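All residue numbers for the sequence shown refer to my numbering, where the first residue is 514 and numbers rise by one. We put the CB at the ideal spot given by N, CA and C, even for glycine. Please read all numbers here as calculations on a predicted model, not as lab measurements. Input: a single structure, listed below in C-alpha cells.
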Amino acid sequence: MSTLVDPDQACENISYARAQNSEMQSELLEGLAANFATNEYRLLIIDSVMALYRTDFVGRGELSERQQVLGTFLRRATQMAEEFNLVVLMTNQVMSDPGASALFAGVDGRKPAGGHILAHASTTRLLLRKGRGEERVAKIVDSPDCPEREATYIITTGGINDPDKA
C-alpha cells in the first residue's frame, strides 16, 4: 500500500534559499538555526555544496583558504545536525582526474570535489550515476553502517521504482 503525499501540503513545509557566494551560504546556514530550534524542520538539503567554493576560490593559490572556509561551514552543519537532530543531505560535483590512481578516484577517473575535508565531514557517501537505458545506479561509496554495494532504480512519473518491477 502506498501513501500519497499532497503536493501542495508538502510544498508548504519547504523553505528555500539560494546563496550567491560561499559567504552568503554560511550566513544562510547560521540563519537556519532559529528554524531548526522550533523542531519544525528535520531535513537540510545543501545542493551542490562545493559549487560556490569552487568559483569563489580559484586556483591552487587559494586552495588552502578555500578548504579552511569549507571546513568551518561543514563543522557548523555537523553541529546543527547534532544539536537539532537533523538529517543533512549534501549533493556535490565530481571532477575529472585522469592522472589519479584508482585508489583516490573511480575507475573512470572521476572524483568528488572538496577533497578530504568534505569526505571526512560526510558520514555516508553515495555515488549516483546513469546505468543502461533508463536505469540509474546508486552506490554506497563509504559508510560506517553499510557495506559498499550498488542498487539499480528507475525514475518514473510515480516516483522511484525497482527496474525489475516496472
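Go through its chain and collect everything with a Cβ distance to residue 657's Cβ below 8 Å, but skip five positions before and after it. Contacts found: 636, 637.
Measure the C-alpha to C-alpha separation of residue 542 and residue 524 and round it to an integer number of angstroms. Distance between the alpha carbons of residue 542 and residue 524: 20 Å.
Could you tell me the distance, in whole angstroms, from the CA atom of residue 659 to the CA atom of residue 639? In this structure, the CA atom of residue 659 is about 11 Å from the CA atom of residue 639.
From residue 652 to residue 666, what distance separates their C-alpha atoms? So the alpha carbons of these two residues sit roughly 11 Å apart.
Can you have a look at residue 576 and say buried or exposed, based on whether 16 or more other CB atoms are within 10 angstroms of its CB? That one is exposed.
State the DSSP-derived secondary structure class of residue 541, mapped to helix, strand or coil. Three-state result, residue 541: helix.
Rounded Cβ spacing between residue 534 and residue 560 (contact assumed at less than 8 Å): Under the criterion of beta carbons closer than 8 Å, residue 534 and residue 560 do not qualify as touching, at roughly 15 Å.
Per DSSP, what kind of secondary structure is residue 514 in: helix, strand or coil? Residue confidence is low: residue 514 scores 49 on pLDDT, short of 50, so the model does not pin down where it sits. Its coordinate-derived value is still stated next. It is coil, neither helix nor strand.
In this structure, does DSSP put residue 566 in helix, strand or coil? The DSSP-derived three-state label of residue 566 is helix.
What is the DSSP secondary structure of residue 596, reduced to helix, strand or coil? Helix at residue 596.
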